[in-house]
Amino acid sequence: MKKQPPRRPGGATQFLGVLLCAECKTNMTVQVTRNGFGTYPYLRCRNCKSGGHGAPNPERVYERLVEDVLKVLGDFPVQVRQYAEGAEVRREIKRLQESIALYMKELEPGGRYTKTRFTKEQAETTLDKLIGELEAIDPETAKDRWVNVHGGKTFREHWQEGGMEAMSADLYRVGIRCEVTRTKVPGVRAPKVHLRLLIPKDVRERLVIREDDFAQAF
């Protein structure tokens with residue numbers, strides 16, 4: 001698939017903690033067999049007998065996992081959770097309320113703005129404008145609160161920049177796992193490999209990057 005996250009060189013296990021054996025639920029890790037014909041990396045679990053049927057060609061497994069993840073989550077926006085103070089909005093609300101109270105008082109019989117038709121109409125127009133501005137303010141914005149701010153890119157773009165390591169860290173962080181099933185095929189040495197993504201229902205909220213996440217290392 002085009003524009004996949006760049007790979008990390010070497011034979012180290014990618015997506016550690018994300019790729020799990022469907023049988024015993026332990027991590028799938030890269031093992032390497034060397035003989036006179038060459039070097040053969042494959043993925044094995046920890047608890048199945050002899051590691052279960054090894055999944056050959058780890059890079060192909062990674063590619064399929066990346067394809068599946070990008071298909072489901074690639075277009076999700078990267079959001080960062082930030083603390084927003086409502087002090088400025090509260091000051092604006094107070095200013096509007098005080099101005100509205102003043103105009104209402106001076107529009108009462110005998111008030112400054114009732115002396116001429118022109119000043120009365122101008123004051124009523126201004127009062128309506130101030131009331132409209134006050135009504136347009138969302139009360140929630142006057143509170144000190146946590147908000148999700150769009151980071152300006154999608155997760156596809158984020159992972160293309162950060163590589164498989166970034167994708168692996170995000171998947172592990174939000175609890176996304178991928179079960180690997182190896183099925184023996186008669187007459188064929190390499191088993192058939194099937195991947196099953198396990199995605200939490202609240203994955204969109206879990207993907208939001210919080211301040212604590214910047215300090216966590218996978």
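Going by the UniProt record's numbering, the first residue of the sequence shown is number 1, and it counts up by one from there.
Glycine residues also receive a C-beta, built at the ideal position from the N, C-alpha and C atoms.
Treat the numbers as computed from the prediction; the structure is a model and nothing was measured.
Distance, Cα to Cα, residue i vs residue j?
| i | j | result |
| --- | --- | --- |
| T39 | V30 | 12 Å |
| L96 | P109 | 22 Å |
| K105 | D128 | 14 Å |
| C24 | C48 | 6 Å |
| D202 | K192 | 31 Å |
| Q160 | N35 | 36 Å |
| G187 | N148 | 54 Å |
| P9 | L134 | With a pLDDT of 46 at P9, under the threshold of 50, the modelled position of that residue is not reliable, and the figure given next carries that caveat. Their Cα atoms are separated by approximately 58 Å. |
| residue 234 | E67 | What is shown of the chain runs 1 to 218, which leaves residue 234 out entirely. |
| Q14 | E59 | 9 Å |
| E63 | L171 | 15 Å |
From what residue to what residue does the beta strand (DSSP E) around residue i run?
| i | result |
| --- | --- |
| R34 | 29-35 |
| G152 | 145-154 |
| G17 | No beta strand (DSSP E) holds G17; DSSP gives it neither H nor E. |
| T39 | 38-44 |
Considering only their Cβ atoms, is the gap separating residue j from residue i smaller than 8 Å?
| i | j | result |
| --- | --- | --- |
| E205 | D144 | no |
| Y113 | A123 | yes |
| V180 | A22 | yes |
| R173 | G74 | no |
| P77 | H150 | yes |
| V69 | M167 | yes |
| R81 | V185 | no |
| L43 | L19 | yes |
| A190 | P56 | yes |
| V61 | I199 | no |
| T126 | Y103 | yes |
Comparing alpha-carbon positions, which option in the options lies nearest residue i?
| i | options | result |
| --- | --- | --- |
| A136 | G175, V89, R46, L197 | V89 |
| R153 | L65, Q79, G54, K120 | According to the sequence shown, residue 153 is Lys rather than Arg. Ranking L65, Q79, G54, K120 by Cα distance to K153 puts Q79 first. |
| T17 | A169, R189, P191, T183 | Residue identity differs from the one stated: residue 17 is Gly in this sequence, not Thr. Checking every option, the nearest Cα to that of G17 belongs to A169. |
| E140 | T126, A87, G54, T125 | A87 |
| G54 | K94, F37, K71, V32 | V32 |
| E121 | L130, L107, I131 | L107 |
| W146 | T119, E63, Y83 | Y83 |
| R46 | P58, F37, T26 | T26 |
| K94 | F118, L130, R210 | L130 |
| D138 | G111, E92, R196 | E92 |
Determine the extent of the alpha helix (DSSP H) in which residue i is found, giving its start and end residues.
| i | result |
| --- | --- |
| R91 | 87-106 |
| R189 | It is not in any alpha helix (DSSP H) - R189 carries neither H nor E in the DSSP assignment. |
| D138 | Where D138 is concerned, there is no enclosing alpha helix (DSSP H), given that its DSSP letter is neither H nor E. |
| K71 | 58-73 |
| V203 | 203-206 |
With DSSP as the reference, please indicate the residues paired to residue i in a beta bridge.
| i | result |
| --- | --- |
| L198 | R177 |
| Q79 | H150 |
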